[in-house]
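Remarks on the structure that follows.
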Amino acid sequence: MKILNLLVASLLLLVACNNASQEKRDSKSNTLKIKGSDTVLPLAQKSAENFMKTHQDISIAVVGGGSGTGITALMDGNTDIAMSSRELKGEEKLKLLEKQIAIEVKTIAVDALAVIVHPENKVENLTREQLEKIYIGEITNWKEVGGADLTIVVYSRENSSGTYEFFKEHVMDKKNYASTVLNMPATGAIVQSISQTKGAIGYIGIAYMTPEVKAIHVSYDQGKTFVAPSLETAKDKAYPISRPLYYIYDIKIAAKVGAFVDYCLSAEGQKMVEEVGYIPLNK
Amino acid sequence: MRLFIEHFIEWIIKGCGYISAFIVLLIVFFLFREGISFLNSSPLEEHYGLYVNIQNPITKLSDNQVKDIFDQKIVNWNQIGGHDDLIKRISVNELDDHFTKEQLGSNFEYLSVCVNRYIDTVPGAIAFFSERQLAISPNTKEITLEKISLGKFLTGLEWFPTAQPAAIMGTLPLLLGTLLVSFFAILFALPLGLAASIYLAEIADERVRKILKPIIELLSGIPSVVYGFFGLVVIVPFLQKVFNLPVGETALAGSILLAIMALPTIITVSEDAIRTCPRAMKEASLALGASHWQTIRKVILPYASSGITAAAILGIGRAIGETMAVLMVTGNAAVIPKSLIQPVRTIPATIAAELGEAPFGGLHFKALFALACILFIITLITNLLVERMSANRRTS
């Protein structure tokens, strides 16, 4: 009987403690949770660190996991801000409607995808259609696009990557990759492989460009104009394969997240965008 | 009192044994529950369907046909036995291509009406929607898709788990890739490892042994990502140059890397086995006039054979299950391997690469668990085979 009493007492104590900690968490409403795209992750982390230096009363937790994960978490109320490297899908818009959540989408930076080849490759220009055919496996030799007689070795990211989805959507007209495409686990591995393979082609974020690989000039108007990827061409939207990076949040908590988002959009925040390797927004 | 403590300790030890066995069973149960629940499900995500005009004679499509339709390889229904109508695809993520914002309404309230009208008026339309988004009109019918069966899962030639709208999950290329890479890894590692362990145990003098053994054991302490990067920077370009290949990320690169990674295990375990050979047996052999070599071949190796097979199992286990290093050097193209100097994709690498963003509990997630089940069965079979072999040898 004594033991039972003891058990009950300790249980009660536990519940009480739990309640207390719950209250404590609720009262500290200035904790921000940010979740989503791994592409945005380094930028958000850096911004959060610097933001917390000047705003000691606010603590920010940043987690990756992919754009889709972030948006789902936002719908379920598990995060305050969702990081995304793509626009909302029609399906996600419908779900938000269902749950009656009104959202605000803020562009915080721009990322350009560079299509890269081995530096000895003579090919300088490719159109979107040619890129599509290379990635779905219809063009397999460089001589078909004006290069040397050499097999094309196609590199891509793993199919779980947001960049993989982006490339499929915006360059390949939503078609599936050929099964002969080589999937690399990380951008660094793609750069490494392309720098040592003569017939290789691949795509990387512009922040990862090195002199060991060459960027292709891309055309989205059937070969009238070819544009090289650079900070300038991505900024003025002349370079076609660039994508905005977003913060998405519920309008209801705009007051709570506003300070941080404003900070990211300020001159100081945009300077960090450049430091991390992305392209700051046009003023 | 002492008796009580002894009983208590005995009880604890017994408990530990049961608990570990229970944990192993629990994991296996969890693995197979997830893996098996994947079979017999539709290749579409839950609640989703493909809808066509009621006058369309097609009622059944295979997953490959669906993929070809959405890849625009099949552009007319007459290519798959239907009427001569151009295929018009429509899905929730491409609404902007077909309707204006006004037509859909600001809150998508006219979505169902728009899509139904579209299917009614365009005979070649095929719509990919979820039941929640769309109220199906009587002029629309749903296309049935073949369910994922065990046979199809094991013998399918294509692996496209993220293909929209229907995922394609054929594991044959992954299975063959795994077997190819592991088989050659063990083929490279076993003779080398065996030779090294004989040298260390029987031939090398004590000083050399003291230097060599720690160095070899150091190999097993290196993280596999480092091996992978080493492979990518050194082995891959080397193979490319030697065989004059268009691409260096090949099954061969994976095998070589795995062989290096399996070496320390094989050497340590078989060396220990060789050293357990009783001194008396060796001396008896030498006293009968056998040379050192004959003693090693006829006495020591047969005596240590069960230990050596254990070393081989551990080596194979490492080779089959290794993920990161293989992920980095084999190129991961999911095609049926025809030669060793060609990119392949292995099962562990697939799981490692895709589990991160496969939506929890979804079809893709379960497919990866089914892959893990296959891997588990392969390892189980190898273990049983090798054990049977070593048992036979001992009795003969």
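Sequences listed follow chains A and B, in order.
Residue 1 is where the first sequence starts when you use the working numbering, and the numbers rise one by one after that.
Residue 284 is where the second sequence starts when you use the working numbering, and the numbers rise one by one after that.
Ideal Cβ placement from N, Cα and C applies to all residues, glycine included.
What residue does the beta strand (DSSP E) around residue i start on, and which one ends it?
i, result
"N359/B", "Here N359/B belongs to no beta strand (DSSP E), and DSSP marks it neither H nor E."
"V117/A", "103–117"
"L333/B", "331–336"
"F412/B", "408–413"
"M607/B", "M607/B -> not in any beta strand (DSSP E); alpha helix (DSSP H) instead, spanning 607–612."
"T438/B", "From DSSP, T438/B is part of no beta strand (DSSP E) but of the alpha helix (DSSP H) over 433–438."
Going along the chain, which residues of its own chain have a beta-carbon closer than 8 Å to the beta-carbon of residue i, five neighbours each way excluded?
i, result
"P626/B", "V530, E532, T533, A534, T613, G614, N615, A616, V618"
"S324/B", "K430, I431, L646, K649"
"L457/B", "W442, A617, R628, T629, I630, T633, L654"
"L455/B", "L437, T438, G439, L440, I619"
"I352/B", "L344, I370, R372, I409"
"L417/B", "Y334, L394, S395, V398, N399, A410"
How would you list, in chain order, the residues of chain A whose beta-carbon sits under 8 Å from the beta-carbon of residue i?
i, result
"T271/B", "As shown, chain B starts at 284 and ends at 679. That puts residue 271/B outside it, with no answer to give."
"D346/B", "Those do not exist, as D346/B stays about 12 Å from chain A at its closest Cβ, beyond 8 Å."
"Q523/B", "Q196, T197"
"A410/B", "Under the 8 Å cutoff, chain A gives no residues; its nearest Cβ is about 13 Å from A410/B."
Sorry if obvious, but does the Cβ on residue i come closer than 7 Å to a heavy atom of the ligand MG?
i, result
"L281/A", "Ligands are entirely absent from the displayed structure, and the ligand MG is therefore not among its contents."
Report the neighbours of residue i on chain A: residues whose CB is nearer than 7 Å to its CB, in chain order.
i, result
"M611/B", "P185, A189"
"T445/B", "N159"
"P626/B", "L182"
"Q355/B", "K175"
Residue i lies in the alpha helix (DSSP H); which residues open and close that run?
i, result
"K496/B", "489–502"
"K350/B", "346–353"
"N50/A", "41–54"
"S195/A", "187–195"
"V398/B", "394–404"
"L535/B", "534–558"
With DSSP as the reference, label residue i as helix, strand or coil.
i, result
"L378/B", "helix"
"T151/A", "strand"
"D250/A", "strand"
"K297/B", "helix"
"H217/A", "strand"
"A20/A", "Because the pLDDT at A20/A is just 46, under 50, the model does not fix this residue reliably, and the point stays unresolved."
"F443/B", "strand"
"L571/B", "coil"
"S27/A", "Here S27/A scores only 41 on pLDDT, less than 50, and its place in the model should not be relied on; the value that follows carries that caveat. Helix, per DSSP."
"E425/B", "strand"
"A228/A", "coil"
"A200/A", "strand"
"T79/A", "coil"
"S324/B", "coil"
"L528/B", "coil"
"S266/A", "coil"
"L483/B", "helix"
Going by beta-carbon coordinates alone, are residue i and residue j separated by less than 8 Å?
i, j, result
"S553/B", "G476/B", "yes"
"L245/A", "A114/A", "no"
"A594/B", "A556/B", "yes"
"A82/A", "Y155/A", "no"
"P229/A", "A215/A", "yes"
"I499/B", "I550/B", "yes"
"D173/A", "E132/A", "yes"
"A449/B", "K356/B", "no"
"A635/B", "Y510/B", "no"
"M452/B", "G514/B", "no"
"V270/B", "I596/B", "It is not possible to answer for residue 270/B, since the shown part of chain B is limited to 284 through 679."
"T548/B", "I603/B", "no"
Ordered along the chain, which non-local residues of its own chain (more than five positions away) have a Cβ less than 7 Å from that of residue i?
i, result
"F51/A", "I60, F260, Y263"
"G137/A", "A178, T180"
"L369/B", "V358, N359, G407"
"P185/A", "E158"
"G65/A", "K35, G36"
Using a C-beta to C-beta distance shorter than 9 Å, which residues of chain A count as neighbours of residue i?
i, result
"K350/B", "N176"
"A487/B", "In chain order: nothing, as chain A lies at least about 38 Å away."
Residues of chain B with CB closer than 9 Å to the CB of residue i, please, in chain order.
i, result
"K89/A", "V375, N376"
"L94/A", "V375, F391, L394, S413, R415, Q416"
Leaving out five residues on either side along the sequence, give the residues of the same chain with a beta carbon under 6 Å from the beta carbon of residue i.
i, result
"K24/A", "Its pLDDT being 43, under 50, K24/A is placed unreliably in this model, and the value from its coordinates should be taken loosely. So no residue of the chain qualifies."
"D403/B", "N422"
"F411/B", "L333, S374, P448"
How would you list, in chain order, the residues of chain B whose beta-carbon sits under 7 Å from the beta-carbon of residue i?
i, result
"V63/A", "By Cβ distance, chain B contributes nothing, its closest Cβ being about 13 Å from V63/A, past 7 Å."
"L97/A", "N390, F391"
Which residues of chain B have a Cβ atom closer than 8 Å to the Cβ of residue i, listed in chain order?
i, result
"V153/A", "P529, V530"
"Q192/A", "L515, V516"
"S179/A", "E441, W442, F443, P456, A616, A617, V618"
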